[in-house]
Each structure stands twice: as structure tokens, then as C-alpha cells.
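Numbering (the numbering used here), first residue to last: 66 to 131. Before any comments, here is the structure.
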Amino acid sequence: MPDQTALIRAAIGRLLAEKTGVAVISMKESIDELLERIGETVTEDRLQDLLLEMAEVRGMMVVLDV
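Here it is, written out as C-alpha cells:
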């Protein structure tokens, strides 16, 4: 069974793939969507860190509107 970080990264990857072509995404909206998908078993800080990291790799900017 995959560990929690792998599951979170997969959820973030799917979310970012859905937003392909978008240059800037909202941190608040993205975190809300991720919490709906994976449940509240992870802290928002952890989600924010991983989202920023993965969005940067894809060349996306994240608006820090939390």
C-alpha cells in the first residue's frame, strides 16, 4: 500500500494536470479541492508545501491567498 505522501502527491499531480495551461492557481482553492479529494488526514501546511513544490516543477505560480 502506498504511503500517505505518495497518495498526496498523486492527488496534487491530478489536480495540476486538470489545470494544465493555467499559469497561476489559487492556493486556497487548490487546498480546498485537495482536502475534498483526500480527506482531512493531512495538515494544510503539508499540502501547501507539496503543492508549491510540484507546481513550481510544472512552471505554475501559486497565489498565496490563504
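The C-beta atom is built at its ideal place from N, Cα and C for all residues, glycine as well.
**Prompt:** Can you tell me the Cα-Cα spacing of K84 and G124, whole angstroms?
**Reply:** Counting from 1 along the sequence shown, the entry for residue 84 is found at position 19. Counting from 1 along the sequence shown, the entry for residue 124 is found at position 59. Rounded to whole angstroms, K84 to G124 spans 12 Å at the Cα level.
**Sub-9 Å separation of V127 and S95 beta-carbons** = Taking the sequence shown and counting its residues from 1, the one referred to as residue 127 is at position 62. Taking the sequence shown and counting its residues from 1, the one referred to as residue 95 is at position 30. Yes; because the gap between Cβ atoms is below 9 Å, this pair is in contact.
**Message:** With a threshold of 6 Å on Cβ separation, who are the neighbours of R102 within its own chain once the five nearest residues in sequence on each side are excluded?
**Reply:** Locating residue 102 in the sequence shown gives position 37, counting from the first residue. Excluding residues within five positions, the ones whose Cβ falls inside 6 Å are A76.
**Item:** Reduced DSSP category for M66 - H, G, I as helix; E, B as strand; rest coil
**Value:** Position 1 of the sequence shown holds residue 66. Caution is warranted here: a pLDDT of 45 is assigned to M66, below 50, making its placement in the model unreliable, and the coordinate value is therefore given only provisionally. DSSP places M66 in coil when its eight states are reduced to three.
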